[in-house]
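Residue numbers (the numbering used here), protein chains in the order written: chain A, 82 to 404; chain B, 2 to 353; chain C, 12 to 300; chain D, 281 to 591. Backbone N, C-alpha and C define an ideal beta-carbon position, used for all residues, glycine too. It should be emphasised that the depicted structure is a prediction, and the values quoted were computed from it without experimental measurement. Please read the structure below before turning to the comments.
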């Protein structure tokens with residue numbers, strides 16, 4: 082495993098043109114993913130976590146306007162011509178989605194959709210492509226892979242579909258796997274299986290993983306570091322232990338205390354008052370300030386700069402003066 | 002004297018026929034609920050947990066007789082609701098409410114909030130004048146944390162959390178005894194979920210409500226319920242007390258144990274520990290496995306489990322398990338579950 | 012303050028639809044075009060320079076001129092006046108046929124979708140046949156029974172068009188029936204009839220409206236076709252289809268005769284189609300963007 | 281798959297039965313006395329009885345139906361024309377070729393132009409290409425066949441004088457009628473194709489295809505098109521009977537001696553055996569086209585092919 086940074090996002094801004102106006106969905110996000118690590122991007126609906134993921138592979142719809150830099154192994158993906166971009170997609174960076182039923186093409190058999198990867202990326206193969214695909218299906222622990230090769234997606238269960246999807250994205254042996262809510266559509270027992278599979282594969286394939294999720298439980302089990310997002314901005318980023326045991330941002334604190342741990346007779350859950358802002362006219366400064374119980378004047382005017390809490394743990398909040 | 006049992010369910014069954022066009026496929030049924038018996042006590046929150054397709058939502062609909070059963074009985078305050086005439090049923094519905102998972106689909110998009118909340122009053126003849134009805138609506142809106150500015154709004158103008166508040170208001174405006182909550186927070190974000198859970202707890206105390214709380218989220222279940230039933234493929238496999246047993250990890254059905262061990266723990270100290278994961282997937286409810294329905298996935302299954310359906314045994318007072326060999330679970334899984342629950346308890350206590 | 016809060020008026024789905032519709036330029040163009048056509052048909056006696064059936068035998072087949080802006084036909088009648096009066100027939104036929112077929116189709120569709128079972132099977136089999144049958148052929152078959160004439164043609168067209176309403180309404184009813192608010196309505200004790208009329212129908216209404224907007228121009232075209240074939244409106248009615256039927260004979264010597272009634276049909280149909288497209292997009296905004 | 285086909289065969293039989301009953305009863309549904317209606321007021325009693333016998337109206341209704349149907353099935357005999365005094369089947373077989381020539385060409389034009397135009401409009405959504413295609417489609421869809429025919433005649437026949445105006449002759453005579461019949465369908469298919477394509481391009485699996493690193497051509501023409509074409513292929517069959525409907529008008533405009541023209545003349549002349557035969561034939565064709573569409577759908581959509589479920 083190499084040391085250093087695999088992917089670096091610098092000052093990413095994404096705007097969507099809509100009928101109602103321009104939605105400022107991502108507002109200056111910077112992140113980095115190191116070789117071999119699992120970085121979780123966590124936040125609630127509409128915080129922009131999926132948009133960040135999709136902008137890495139330039140999968141955003143045409144009405145999106147993207148600014149900033151996304152450096153993968155040093156080259157800016159946002160500047161690449163289509164032909165170069167295609168060599169990264171699937172080959173260097175794989176991506177799996179929340180709902181594997183809609184993410185797989187309904188009219189092609191699973192085997193065909195996986196073997197396509199070998200053809201377009203001209204991957205080196207040991208035997209036939211069929212053998213390679215079956216090998217992949219075995220690696221993601223799909224039982225009876227010879228038969229499943231010929232299955233259509235709708236013939237598989239939700240868990241099996243997600244496995245097939247993972248197998249497809251492993252074909253190119255990518256160095257980064259983006260997993261966008263990979264288990265949100267699955268039952269807990271299946272979720273546990275898939276999460277374990279992803280972690281095992283990370284070791285076997287030596288991948289970094291960018292995990293997009295809303296579920297703190299999944300993060301706690303999987304991630305090395307977490308970035309908490311709120312309304313298109315990063316609130317806090319740091320090692321999983323620091324964030325869970327020593328959260329600093331008012332939003333992170335509120336979120337963790339809102340988790341229904343314990344019993345109703347023992348404690349009340351923390352309320353974060355108000356609701357997520359409209360991103361067409363987002364609040365100026367720190368976007369969390371209208372809901373923040375400790376907001377000061379400065380929060381309404383200035384976007385907070387990162388404050389170092391400890392090694393690798395940064396908080397974007399004016400209330401903290403430290404380092 | 003008021004009896005403590007509000008809802009008594011006896012051997013309740015619902016099979017959905019599988020239709021293909023004109024022809025009814027012979028003998029093909031989805032065994033959604035397949036012989037469930039349990040009791041919901043007055044004033045408690047009875048939680049029903051299970052994965053998708055286990056029949057928990059069908060169960061809620063049966064309790065309110067929104068669908069007709071294939072067999073069995075539901076006694077609501079000693080009245081067999083399946084024997085009621087249309088008129089009697091309508092009358093008793095004043096005393097029960099239901100809240101669904103999807104807040105958006107639960108409200109008629111063509112009606113204002115006022116009209117949505119006024120309808121139950123009109124149907125059940127509550128509130129004598131227009132004035133009085135308006136006041137009742139305003140009062141309930143305030144109770145669920147909304148205000149008069151929402152009166153003439155349409156559902157699409159509200160956020161998901163607010164929509165769910167309206168659904169709750171509709172369910173309790175007739176001052177019912179019993180409310181079925183079918184995954185009321187599953188479509189909501191964590192922070193909104195917390196708001197709704199707090200609200201539900203507050204309302205229960207204020208109006209002395211009895212809840213059936215259905216969810217697939219064990220964390221929510223552990224927080225909100227007083228007693229819990231765990232469902233698997235149309236059957237209840239375990240019924241137990243939440244605070245003293247479930248939250249302590251004292252579970253004796255292997256499925257319950259696996260479910261709890263599969264749920265991500267929000268506890269980073271759990272990391273690195275070798276996780277115990279249940280293999281396989283839930284079989285189809287069309288041809289459920291013979292004997293114990295969990296046997297194909299159960300690592301401890303023996304010949305007997307394949308052949309014979311396990312009887313329900315009261316393993317401790319008020320703790321029922323449908324398993325041939327609960328002692329195996331107790332020995333092989335329960336310690337891990339206990340350890341895990343202990344660790345989670347420490348986690349939130351340390352925080353707050 | 013509280014009174015004011017209480018009077019906050021929400022934005023209903025119809026208002027929302029109208030707001031989106033208003034932003035659609037093509038749809039608004041269609042609406043304006045339609046309003047002009049309606050005005051023309053209402054004011055035809057005032058704006059038409061001549062009576063539509065008044066013959067000027069000395070001025071037969073005259074090309075457009077200041078005297079006859081659109082020229083004259085084989086009996087010296089003013090084509091402009093006939094085209095203006097023709098809008099009355101076209102609109103009447105379109106609207107009446109669409110409403111009659113909607114009344115039949117919506118009723119059957121609601122019954123079929125809400126009750127299901129054998130009733131549904133029977134209705135839907137009939138609907139399938141009528142719906143897949145080319146409507147002109149079916150209308151012709153019915154006219155062959157009833158005999159030619161404008162009224163008979165309208166009846167025939169209505170009898171071919173109801174099926175699409177029944178299909179759509181049934182489908183929508185089935186999907187609306189699955190919505191949780193229907194279940195919630197039953198849980199608070201609403202009656203079947205009330206659910207059908209206060210919950211399902213209002214939610215199906217928008218689709219019906221779109222269908223009506225699309226069906227009016229279809230009815231106009233089919234009615235004009237029947238007239239063109241000699242089986243609809245009879246002379247001397249100033250019907251656009253009938254005019255074109257005669258114009259065909261004089262195509263080489265009086266080409267203007269073939270142009271104006273056709274343009275009139277096209278503009279009328281176009282205006283409805285624009286409105287229909289706009290309405291559909293305004294009702295299902297997720298399909299557009 | 282088997283279940284699905286059995287279901288479709290069942291509904292096929294019911295539909296054929298309904299079409300048969302409907303065409304048979306055309307004569308009987310005439311308000312009042314059909315014989316009197318056909319002959320008019322001034323017919324003699326002898327003429328009246330003769331026609332009544334010829335039409336078989338003197339027999340009980342179920343016997344009439346069985347005779348009528350048996351004659352069609354066993355001998356292809358639809359009775360005798362009341363006007364021309366020859367068997368209806370002869371009248372029809374003389375003309376069917378012309379109608380097939382016309383509808384066949386129109387069918388080819390419709391798909392050969394409609395599909396690519398629709399795809400182009402979808403790919404170049406909200407550009408000049410899209411606006412041009414959709415604008416043209418809007419105009420074509422708003423023109424009734426008979427007027428479109430007249431306009432084409434005026435432009436190519438009268439003004440440019442490069443194509444014959446009407447009647448039959450060599451291949452040049454086919455061009456205007458088949459364009460008249462085909463162009464509005466080009467519009468319908470282009471719109472349908474565009475809508476399907478846009479729908480599909482929005483699907484998650486298209487994003488997956490891009491994420492895999494497929495070149496755009498493969499994304500569009502393999503992953504998206506394959507899905508978007510499914511309803512279009514079905515439509516290719518469903519549309520056939522509608523072309524016969526359009527042919528009625530087109531043939532009248534261009535004095536084209538096909539079945540449609542025959543239908544109109546027969547209705548105007550109250551030649552009921554011919555009308556019944558034509559309605560029966562087109563009805564049967566409709567049912568067959570629907571059945572074929574269902575079968576093809578089952579074959580091209582794996583969801584139906586494997587599970588037997590679906591529309």
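Just by C-beta distance, which residues in the stretch 175-201 of chain C are closer than 7 Å to chain B?
For the stretch 175-201 of chain C, the set of positions with a beta-carbon nearer than 7 Å to some beta-carbon of chain B reads 190, 191, 192, 194, 195, 197, 198, 199, 200, 201 in chain order.
Do the stretch 43-55 of chain C and the stretch 74-88 of chain C touch if we need at least three Cβ pairs shorter than 8 Å?
A contact between stretches requires three or more CB pairs, one per stretch, nearer than 8 Å, and the stretch 43-55 of chain C fails this requirement with the stretch 74-88 of chain C.
Just reading off the beta strand (DSSP E) that residue 387 of chain A is part of, what are its end residues?
Along the first chain, read from residue 1 onward, the residue named residue 387 of chain A stands at position 306. 387-391 is the extent of the beta strand (DSSP E) around residue 387 of chain A.
Please confirm whether residue 307 of chain A and residue 134 of chain A have their CB atoms less than 8 Å apart.
Taking the first residue of the first chain as 1, we reach residue 307 of chain A at position 226. Taking the first residue of the first chain as 1, we reach residue 134 of chain A at position 53. It is not a contact, given that the beta carbons lie outside the stated cut-off.
Counting only runs of 3+ residues fully inside the stretch 269-325 of chain B, write out the beta strand (DSSP E) ranges in chain order.
313-317, 320-323, all fully within the stretch 269-325 of chain B.
Whose C-alpha, out of A/199, A/252, A/267, is nearest the C-alpha of residue 243 of chain A?
One-based indexing of the first chain puts residue 243 of chain A at position 162. Nearest C-alpha to residue 243 of chain A: A/267.
Three or more C-beta pairs closer than 8 Å, one from the stretch 276-285 of chain C and one from the stretch 218-232 of chain C: is that the case here?
Touching, yes, given that three or more Cβ pairs across the two stretches are closer than 8 Å.
Per DSSP, cross-strand counterpart(s) of residue 289 of chain A:
Looking up residue 289 of chain A in the first chain gives position 208. Bridge pairing for residue 289 of chain A: A/257 [DSSP].
When the cut-off is 8 Å and only beta carbons count, does residue 560 of chain D lie next to chain C?
Counted from its first residue, the fourth chain places residue 560 of chain D at position 280. No, residue 560 of chain D lies away from the interface with chain C (no Cβ there is under 8 Å from its Cβ).
With DSSP run on the structure shown, which of helix, strand or coil describes residue 30 of chain C?
As a first step, residue 30 of chain C is located in the third chain; it is residue number 19 there, counting from the start. Assignment of residue 30 of chain C by DSSP, reduced to helix, strand and coil, places it in the helix class.
Please compile the residues from chain C whose C-beta is within a distance smaller than 7 Å of the C-beta of residue 1 of chain B.
This structure does not reach residue 1 of chain B, given that chain B is present from 2 up to 353, and the question cannot be answered.
Counting only the same chain and skipping the five closest in sequence on each side, list residues whose C-beta sits under 7 Å from that of residue 172 of chain A.
For the purposes of this step, residue 172 of chain A is identified with residue 91 of the first chain, where counting begins at 1. For residue 172 of chain A, same chain residues with a beta-carbon under 7 Å away, outside a window of 5 residues either side, are 202, 253, 255 in chain order.
Taking 6 Å as the limit between beta carbons, can you name the residues of its chain near residue 238 of chain C, skipping five residues before and five after?
Locating residue 238 of chain C in the third chain gives position 227, counting from the first residue. Taken in chain order, the residues that qualify are 244, 250, 252, 253.
Option in A/130, A/188, A/136 with minimal Cα separation from residue 295 of chain A
For the purposes of this step, residue 295 of chain A is taken as the residue at position 214 of the first chain. The residue with the shortest Cα to Cα distance from residue 295 of chain A is A/130.
Would residue 112 of chain A be called buried (16 or more neighbouring beta carbons within 10 Å of its own) or exposed?
As a working note, residue 112 of chain A is residue 31 in the first chain. Buried.
Three-state secondary structure (DSSP) at residue 5 of chain B?
Along the second chain, read from residue 1 onward, the residue named residue 5 of chain B stands at position 4. Three-state result, residue 5 of chain B: coil.
To the nearest whole angstrom, what separates the beta carbons of residue 186 of chain A and residue 503 of chain D, a pair I think is in contact under 8 Å?
On the first chain, residue 186 of chain A is found 105 positions in, with the first residue counted as 1. On the fourth chain, residue 503 of chain D is found 223 positions in, with the first residue counted as 1. The pair is a contact, with the Cβ atoms about 5 Å apart (cut-off 8 Å).
May I ask you to list, following chain order, the residues of the stretch 489-514 of chain D that have a beta carbon less than 8 Å from some beta carbon of chain F?
Judged by its chain identifiers, the structure shown contains no chain F, and its protein chains are A, B, C and D.
Taking only three categories from DSSP, how would you classify residue 149 of chain A?
Numbered from 1 along the first chain, position 68 holds the residue referred to as residue 149 of chain A. Residue 149 of chain A falls in the strand class under three-state DSSP.
Return yes when the Cβ of residue 306 of chain D is within less than 8 Å of the Cβ of residue 152 of chain C, no when it is not.
Numbered from its first residue, the third chain carries residue 152 of chain C at position 141. Numbered from its first residue, the fourth chain carries residue 306 of chain D at position 26. Judged by beta-carbon spacing, residue 306 of chain D lies within the 8 Å limit of residue 152 of chain C, meaning their Cβ atoms are closer than that value.
Taking the alpha-carbon positions, what's the residue 387 of chain D to residue 524 of chain D distance?
Position 107 of the fourth chain holds residue 387 of chain D. Position 244 of the fourth chain holds residue 524 of chain D. So the alpha carbons of these two residues sit roughly 10 Å apart.
So, with DSSP's three-state summary, where would you put residue 79 of chain B?
Counting from one through the second chain, the residue named residue 79 of chain B turns up at place 78. Correct three-state label for residue 79 of chain B: coil.
Going by Cα to Cα distance, which pick from D/289, D/520, D/397 is closest to residue 417 of chain D?
The sequence position of residue 417 of chain D within the fourth chain is 137, counting from 1. Residue D/397 is the option with its Cα nearest to residue 417 of chain D.
Please list, in chain order, the chain B residues whose beta carbon lies closer than 7 Å to that of residue 254 of chain C.
Against the third chain, residue 254 of chain C aligns to sequence position 243. In chain order: nothing, as chain B lies at least about 45 Å away.
Proximal chain C residues relative to residue 288 of chain B, where beta-carbon distance stays under 8 Å
Counting from 1 along the second chain, the entry for residue 288 of chain B is found at position 287. Going along chain C, no residue has its Cβ under 8 Å from residue 288 of chain B, so there is no contact; the nearest lies around 26 Å.
Can you have a look at residue 225 of chain A and say buried or exposed, based on whether 16 or more other CB atoms are within 10 angstroms of its CB?
Along the first chain, read from residue 1 onward, the residue named residue 225 of chain A stands at position 144. The residue is exposed, with fewer than 16 neighbouring Cβ atoms inside 10 Å.
When DSSP labels each residue in this structure, what does residue 406 of chain D get in the three-state scheme?
In the fourth chain, counting from the first residue as 1, residue 406 of chain D sits at position 126. Of the three classes helix, strand and coil, the one that applies to residue 406 of chain D here is coil, per DSSP.
Selected residue, minimal CA-CA separation from residue 491 of chain D, among A/174, A/235, A/265, A/350
Residue 491 of chain D sits at position 211 when you count from the first residue of the fourth chain. The shortest Cα separation from residue 491 of chain D among A/174, A/235, A/265, A/350 belongs to A/174.
Would you verify that the beta carbon of residue 210 of chain C is, or is not, closer than 8 Å to some beta carbon of chain B?
In the third chain, residue 210 of chain C corresponds to position 199, counting from 1. Interface with chain B (8 Å Cβ-Cβ cutoff): residue 210 of chain C is included.
With the cut-off set at 8 Å, would you say residue 100 of chain C and residue 248 of chain C are in Cβ contact?
Walking along the third chain from the start, residue 100 of chain C turns up at place 89. Walking along the third chain from the start, residue 248 of chain C turns up at place 237. When the beta-carbon positions are compared, residue 100 of chain C and residue 248 of chain C come within less than 8 Å of each other.
Give the DSSP bridge partners of residue 579 of chain D, in chain order.
Residue numbering aside, residue 579 of chain D sits at position 299 when the fourth chain is read from its first letter. Looking at the DSSP output, residue 579 of chain D sits in no beta bridge, so it has no partner there.
In terms of residues, what are the limits of the alpha helix (DSSP H) holding residue 221 of chain B?
For the purposes of this step, residue 221 of chain B is taken as residue 220 along the second chain, with counting starting at 1. Note, residue 221 of chain B: alpha helix (DSSP H), 219-225.
Cβ atoms of residue 329 of chain A and residue 398 of chain A: under 8 Å apart, would you say?
Here residue 398 of chain A is taken as the residue at index 317 of the first chain, counted from 1. Here residue 329 of chain A is taken as the residue at index 248 of the first chain, counted from 1. Yes, Cβ-Cβ distance for residue 398 of chain A and residue 329 of chain A is below 8 Å.
Start-to-end residues for the beta strand (DSSP E) that takes in residue 315 of chain A
Taking the first residue of the first chain as 1, we reach residue 315 of chain A at position 234. Per DSSP, the continuous beta strand (DSSP E) segment holding residue 315 of chain A begins and ends at 314-320.
Helix or strand or just coil, what does DSSP make of residue 314 of chain D?
The sequence position of residue 314 of chain D within the fourth chain is 34, counting from 1. Three-state DSSP puts residue 314 of chain D in a helix.
Would the beta-carbon of residue 75 of chain C be found less than 7 Å away from any heavy atom of the ligand GTP?
With respect to the ligand GTP, the structure shown offers nothing to examine, as it has no ligands at all.
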